[in-house]
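One structure is given here, and the rest of the page talks about it.
Residue numbers (this note's numbering): 216 to 415.
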C-alpha cells in the first residue's frame, strides 16, 4: 500500500469530497484494498459504501475504444452526482492528467493553465523544476501530446490557433460518445462547483 493513501484520504475529507471517479482500479482491486488489515482510507470507504465511487479500470491508451467507453461511463456517473469531485488514478500524471486536462479545456482553461496544472504532479512528486529543460521535455511528451490529440492538431504551435473549449466539446461527443446535452450537463455541474469554491 502506498503511504500517501492516508494523506489523500484526509485531504478528501477536509475538501468534503462527495463523489470519486477512480480511473485506475477495478471493483475487485478496490475491495481487496478495503479488506487489508492496515487499511486506512476510511473516508474513501464511506463514500464507496454510499455508492459515490465509480471504478473504471482504465488503461493508458487514451485513443483506445475501451478507454473512451469506460470514460463515458465515468462521466455519466458524474453527471448524476453531487460535487465536490475527486478524479484520480495512481500517480495523477497519466489517466488523471488526461481526464483533468480534457475537463479543464471543456471549462475554458488555456493551454498554459492546463500545462501548469498538469506539471504540478511532476514538481511535487518527482521534484522537477519549473521551466527546466526536463520540465519542458516532460510537458511536451505528455500533456501537450494529450492536448494535441484532444484538439486534433499536429503540432504544439497549432494549439494556439484553435478554440480549445470547442475542441474538448467535440472530442467528448465524437470520441467519448457523450451527447451534446450530457456535455452541457458536465459544464453546468463544474460551473456550479467553481461558483461554490469562489464563494467559500
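Cβ coordinates follow ideal geometry from the N, Cα and C atoms, glycine included.
For residue 294, the three-state secondary structure derived from DSSP is helix. Within a 10 Å sphere around the beta-carbon of residue 253 sit fewer than 16 other beta-carbons, which makes this residue exposed. Taking a contact as a CB-CB distance under 8 Å, the pair residue 316 and residue 353 does not count as one, their CB atoms being some 14 Å apart. Rounded to whole angstroms, the Cβ separation of residue 285 and residue 262 is 20 Å, and the two are not in contact under 8 Å. Going by C-alpha positions, residue 375 is about 9 Å away from residue 325. Taking all protein chains in view, the Cβ of residue 283 is crowded by 16 or more other Cβ atoms within 10 Å, so the residue is classified as buried. Going by beta carbons, residue 311 and residue 365 fall outside the 8 Å limit. Counting C-beta pairs closer than 8 Å gives three or more between the stretch 227-236 and the stretch 293-300, which meets the contact rule. Annotation: residue 350 to residue 303 spans about 22 Å, alpha carbon to alpha carbon. Rounded to the nearest whole angstrom, the CA to CA distance from residue 331 to residue 394 is 30 Å. Straight-line spacing of the CA atoms in residue 333 and residue 379 works out to 16 Å.
Straight across, the Cα-Cα distance linking residue 239 with residue 226 is about 19 Å. Linking residue 390 to residue 363 through their CA atoms gives a straight-line distance of about 14 Å. When the Cα atoms are used, residue 413 and residue 406 turn out to be separated by approximately 11 Å. According to DSSP, residue pairing for residue 302 in a beta bridge involves 236. According to the DSSP assignment, residue 314 belongs to no beta strand (DSSP E) but to the alpha helix (DSSP H) extending over 310-321. By DSSP's assignment, residue 326 forms no beta bridge with any residue. Residue 258 and residue 343 have their alpha carbons spaced roughly 31 Å apart.
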